[in-house]
Amino acid sequence: MSLHADVSATFTADGAESFHVDAEIEVERGESLVILGPSGSGKTLLLETVAGFHPHDGPVTLDGERVSDTSPEKRDFGFVFQDYALFPHMTVRENVDFGSRYHDDTRDGEELLAELGVAALTDRYPPTLSGGEQQRVALARALAVRPEVILLDEPLAALDVPTRQSLRDDLADVLADATAVYVTHNRTTARALADRIVIMNDGQVVQSGTPEEIFHRPKSPMVARFTGSNVVDLDDAPSLRSALDVGGDDVVTIRPESVALGDDGDVRGTVERVVREDATNRVTVSIDRTSVEAFAERAPAVGDEVWLTLSENDIHVCRRTAPRA
Amino acid sequence: MATSTETRFSLDGVGRVSLAVAFVALQALAFAAAYTIGRPTWYAFFMIGSTAVTAYVLRRDSFVVAAATMGSILMVALGLPLFMFVARQQPSIVVEKALSSDVHRMLYLGIYGPLLAAIVSLLFGIPLAHLFSEGFAGQQLVESLVDLPLVVPHSVAGIIILFGFGSGGAFPNVSVLGSMIGMVLAMTFVSAPYAVNATREAFESIDDRLEYASRIHGASRWDTFRRVTAPLAVRGMVTGGVLAWARAVSEFGAVAVVAYSVSFFYPPAGGEVTAQHAPVFVYGTYLQGGLAESGAVAFILLAVSALIFLIIRYLTSGSSTTGGVV
Numbered sequence: 000m001s002l003h004a005d006v007s008a009t010f011t012a013d014g015a016e017s018f019h020v021d022a023e024i025e026v027e028r029g030e031s032l033v034i035l036g037p038s039g040s041g042k043t044l045l046l047e048t049v050a051g052f053h054p055h056d057g058p059v060t061l062d063g064e065r066v067s068d069t070s071p072e073k074r075d076f077g078f079v080f081q082d083y084a085l086f087p088h089m090t091v092r093e094n095v096d097f098g099s100r101y102h103d104d105t106r107d108g109e110e111l112l113a114e115l116g117v118a119a120l121t122d123r124y125p126p127t128l129s130g131g132e133q134q135r136v137a138l139a140r141a142l143a144v145r146p147e148v149i150l151l152d153e154p155l156a157a158l159d160v161p162t163r164q165s166l167r168d169d170l171a172d173v174l175a176d177a178t179a180v181y182v183t184h185n186r187t188t189a190r191a192l193a194d195r196i197v198i199m200n201d202g203q204v205v206q207s208g209t210p211e212e213i214f215h216r217p218k219s220p221m222v223a224r225f226t227g228s229n230v231v232d233l234d235d236a237p238s239l240r241s242a243l244d245v246g247g248d249d250v251v252t253i254r255p256e257s258v259a260l261g262d263d264g265d266v267r268g269t270v271e272r273v274v275r276e277d278a279t280n281r282v283t284v285s286i287d288r289t290s291v292e293a294f295a296e297r298a299p300a301v302g303d304e305v306w307l308t309l310s311e312n313d314i315h316v317c318r319r320t321a322p323r324a
Numbered sequence: 000m001a002t003s004t005e006t007r008f009s010l011d012g013v014g015r016v017s018l019a020v021a022f023v024a025l026q027a028l029a030f031a032a033a034y035t036i037g038r039p040t041w042y043a044f045f046m047i048g049s050t051a052v053t054a055y056v057l058r059r060d061s062f063v064v065a066a067a068t069m070g071s072i073l074m075v076a077l078g079l080p081l082f083m084f085v086a087r088q089q090p091s092i093v094v095e096k097a098l099s100s101d102v103h104r105m106l107y108l109g110i111y112g113p114l115l116a117a118i119v120s121l122l123f124g125i126p127l128a129h130l131f132s133e134g135f136a137g138q139q140l141v142e143s144l145v146d147l148p149l150v151v152p153h154s155v156a157g158i159i160i161l162f163g164f165g166s167g168g169a170f171p172n173v174s175v176l177g178s179m180i181g182m183v184l185a186m187t188f189v190s191a192p193y194a195v196n197a198t199r200e201a202f203e204s205i206d207d208r209l210e211y212a213s214r215i216h217g218a219s220r221w222d223t224f225r226r227v228t229a230p231l232a233v234r235g236m237v238t239g240g241v242l243a244w245a246r247a248v249s250e251f252g253a254v255a256v257v258a259y260s261v262s263f264f265y266p267p268a269g270g271e272v273t274a275q276h277a278p279v280f281v282y283g284t285y286l287q288g289g290l291a292e293s294g295a296v297a298f299i300l301l302a303v304s305a306l307i308f309l310i311i312r313y314l315t316s317g318s319s320t321t322g323g324v325v
């Protein structure tokens, strides 16, 4: 089932300025759409609005059928929340079976729990479970009602790194054939799970596309920075401008993994900082009045002169100001 | 916070309970001794001193010792009159009053009337509290109206009820003066804020996402309230009900104005009897029989109220719907 939403909603909180969400998303049947954006960009509010938790203008349609005026319980969505939102007064089994009385076609709760590796927890109460266990139960609860679309709001954000990686792998399996909208601020998760990505900022979609497009052809410096690219103002890096042979008043974005360090290359710089990251090193190299990040298996010393080789295919020229998606 | 290098006693749960029991026993013994030798003032100083010493031995923290000492002064002001009240009762008068049918009627009315008021407060207060927790336009105005009885002198509350619902009031066919309806109305007027506010706090403490999770997985608003919201707020509702009941039990001013004497169905008599609400009865006894007789009645009322309060606390303390995990 495909989902299309073009919603507009205003949110006010005590003592805060009102926040406006005005965004359009479209998810095809069996597709995983990831909404990626910084904290406070309105991702969660958009997801909750699509789910029907907040009043809004604009249509939400499922396979072309308008559900905007339908209450949340009739929209046929599943929802996995960041902080699990398991019912603390019900056992794991009762949580997973919660929706069974409202749906004709449901999945067996125990079978789901077994698939997600938490079959032994059926009689436990949520507050006695670890974060990873709670999120698996929450996922089982959402899947149990066989939702047409499953909505996930940063389900990995509250978990430690090993648990996050393990659950991300399981989510990749679960979402393989599902129609899903997944909200996250983590670009690694987005890359791992997305068929398509939309980038949100300040309540609006600023770019949408495949992961390849988003990560390698960002439309704005904001998207580039958020997806981990180097953003270089060529006015601050004349040597890079001449090396790349790019004219005009441009900003270029370069993926750090597309920058090679060596004894020879396109442009020379000085190593500013080296940070060890799992199996590699993230090296910051200053060039003229700016700096560029690269990955290197062998860490150079801070202060070393190094040459950078840039893969021209991975250099993207973009406008200084963000266009609307 | 820096780790203290000073030696302090560290107590586990059992140790804490044992210490508390020992402390209470010591206080009881000290009061009994001071009272016996006719020097209850000495006990006041003993209580303050023993609290300060205990705080010092346990925590060795000047801030804690100061706080405990100041707190113990308030406890003396609250507790000493109560201890003296109990100690000075004359058993023969207490027994005589305990066997009096007037006192039985007073106790029945003093429990039954407030129970009705608490039920009414909860029945109509829970929906209002839920609306408060969600928020609505003009909420502050409605909240102020709900809280108004907290600041209005209760005799004034009684007058207001008579103007509103008494002769010439909004419901001419309803008799409130000297009736059970009037008494329950007066009690509800003064006790409803406690039921509403305690329940609202319980609703507000529930994460919105639990209700979202219920809705998105198929439950209607009614089912969400029944299956998620209400079970999670039940402790707050019980607390609100108990507070409302307790407030109604102790209500004097409004009830004295609206329903000084009340006719009601009294099961042991198999018919209508006339009696007074407990605080009104105690006041009447004080005017007619003096301190000793009114003290005996008050002692019985206090004992029954405390017993009911403890029973409710016992029934609700271990009965968490989460199996005791939250």
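Taken in order, these protein sequences are the chains called A and B.
Going by numbering that gives the first Met the number 0, the first residue of the first sequence is number 0, and it counts up by one from there.
Going by numbering that gives the first Met the number 0, the first residue of the second sequence is number 0, and it counts up by one from there.
The beta-carbon is built from N, C-alpha and C at its ideal position, and this holds for glycine as well.
All figures in this text were calculated on a predicted structure; none of them were measured in a lab.
Rounded to whole angstroms, how far is the Cβ of glycine 116 of chain A from the Cβ of threonine 162 of chain A, which I believe are closer than 8 Å? With a Cβ gap of about 12 Å, glycine 116 of chain A and threonine 162 of chain A do not count as contacting.
Identity of the residue in A:Ser228, A:Met221, A:Val204 nearest phenylalanine 214 of chain A by Cα: A:Ser228
Exposed or buried, what is alanine 263 of chain A when buried is set at 16 or more other beta-carbons lying within 10 Å of its beta-carbon? Note that residue 263 of chain A is aspartate in the sequence shown, not alanine. With fewer than 16 other Cβ atoms within 10 Å, it is exposed.
Tell whether a beta-carbon distance below 7 Å holds between valine 182 of chain A and glutamate 153 of chain A. yes
What is the rounded straight-line gap between the Cα of alanine 175 of chain A and the Cα of methionine 89 of chain A? 30 Å
Could you please give the first and the last residue of the uninterrupted beta strand (DSSP E) stretch that includes alanine 218 of chain B? Alanine 218 of chain B -> no beta strand (DSSP E), and no H or E assigned at all.
Put alanine 177 of chain A into one of helix, strand or coil per three-state DSSP. coil
Identify each residue in the stretch 136-148 of chain A for which the Cβ-Cβ distance to at least one residue of chain B is less than 9 Å, and report them in chain order. Ala137, Arg140, Ala141, Ala143, Val144, Pro146
Taking three-plus beta-carbon pairs below 8 Å as touching, is the stretch 119-126 of chain B in contact with the stretch 176-194 of chain B? yes
So what does tryptophan 306 of chain A bridge to, in DSSP terms? A:Gly261, A:Arg267
Beta carbon proximity, alanine 156 of chain A to chain B, threshold 7 Å: no
Residue-level contact to chain B via CB, phenylalanine 78 of chain A, 7 Å cutoff: yes
Closer than 7 Å, Cβ to any Cβ of chain C: which residues of the stretch 96-114 of chain A, in chain order? Included in the structure are the protein chains A and B, with no chain C among them.
Where does valine 237 of chain B land, buried or exposed, given buried means 16+ other C-beta within 10 angstroms? buried
Can you give me the C-alpha to C-alpha distance between serine 166 of chain B and valine 261 of chain B, rounded to a whole angstrom? 17 Å
Among all the DSSP beta bridges, which residues are the ones paired with arginine 275 of chain A? A:Asn280
Inside the stretch 38-117 of chain A only - beta strand (DSSP E) runs reaching at least 3 residues: 59-61, 76-79
Since I believe threonine 50 of chain B is in contact with threonine 67 of chain B (beta carbons under 8 Å), could you give me their beta-carbon distance rounded to a whole number of angstroms? Here the sequence assigns alanine to residue 67 of chain B, which means threonine is not the residue at that position. The pair is a contact, with the Cβ atoms about 5 Å apart (cut-off 8 Å).
Residues bridged to phenylalanine 263 of chain B (per DSSP): B:Val272
Residue burial classification, alanine 169 of chain B (beta-carbon count within 10 angstroms, cutoff 16): exposed
Between the Cα of glutamate 304 of chain A and the Cα atoms of A:Phe78, A:Val180, A:Leu243, A:Glu271, which residue gives the shortest distance? A:Glu271
Using the three-state DSSP reduction, which class does phenylalanine 70 of chain B fall into: helix, strand or coil? The question names phenylalanine, but residue 70 of chain B in the sequence shown is glycine. Here glycine 70 of chain B sits in helix by DSSP.
For aspartate 172 of chain A, tell me which candidate among A:Ala298, A:Asp234, A:Ala193 has the shortest Cα-Cα distance. A:Ala193
Strand pairing of aspartate 152 of chain A, partner residues [DSSP]: A:Val182
List in chain order: all unbroken beta strand (DSSP E) runs of 3+ residues lying wholly within the stretch 183-239 of chain A. 195-200, 203-208, 229-232
For the structure I just gave you, are there three or more beta carbon pairs, one from the stretch 133-147 of chain B and one from the stretch 221-228 of chain B, closer than 8 Å? no
Find out if the Cβ-Cβ distance for the pair alanine 156 of chain B, alanine 253 of chain B is shorter than 7 Å. yes
In whole angstroms, what is the alpha-carbon distance linking phenylalanine 202 of chain B and histidine 129 of chain B? 6 Å
Residue environment, isoleucine 310 of chain B, which counts as buried when at least 16 other CB atoms sit within 10 Å: exposed
Could you name each continuous alpha helix (DSSP H) segment of 4 residues or more that falls completely within the stretch 27-95 of chain B, going from the start of the chain to the end? 39-58, 61-86
At a cut of 8 Å, does the stretch 50-70 of chain A reach the stretch 235-250 of chain A through at least three beta carbon pairs? no
Between which two residues does the beta strand (DSSP E) containing leucine 32 of chain A stretch? 31-35
Near-chain A residues of the stretch 117-145 of chain B (beta-carbon distance less than 7 Å), N- to C-terminal order: none
Hey, could you find the ends of the beta strand (DSSP E) threonine 5 of chain A is sitting in? According to the sequence shown, residue 5 of chain A is aspartate rather than threonine. Segment 2-10, the beta strand (DSSP E) holding aspartate 5 of chain A.
At a CB-CB cut-off below 7 Å, which residues of chain B make contact with phenylalanine 86 of chain A? Leu209, Val227
Just reading off the beta strand (DSSP E) that glutamate 25 of chain A is part of, what are its end residues? 18-26
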